[in-house]
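Heads up, the thing below is written out as structure tokens.
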Amino acid sequence: MLYFFTNRVHGEAIDLQAHAQLIKEHQLAQTVLLGENGDLFQIIPSGKVIKDRVEVGLISI
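Numbering (the UniProt record's numbering), first residue to last: 1 to 61.
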């Protein structure tokens, strides 16, 4: 049986990269997915990750 645990982390790009590096260094996960705006990840039951991209624009608030 496959188990998936996800932890959505928020912050600026530099923070997300630091979190991903920390996880890799301490071997806390087998797979670390780090995306950018528009990246789409789909995890299917076999455990395979399909990465795709959708078109996005910039939003100014």
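We treat Cβ as the ideally placed atom computed from N, Cα and C, and that holds for glycine.
Going by C-alpha distance, which of the options is nearest residue i?
| i | options | result |
| --- | --- | --- |
| Lys48 | Val56, Gln30, Ile59 | Gln30 |
| Leu16 | His26, Glu36, Leu28 | Glu36 |
| Arg53 | Glu12, Leu40, Ile44, Ile23 | Leu40 |
| Gly38 | His10, Ser46, Ala18, Val56 | Val56 |
According to DSSP, which residues form a beta bridge with residue i?
| i | result |
| --- | --- |
| Gln30 | Its beta-bridge partners do not exist; DSSP assigns none. |
| Leu40 | Asp52 |
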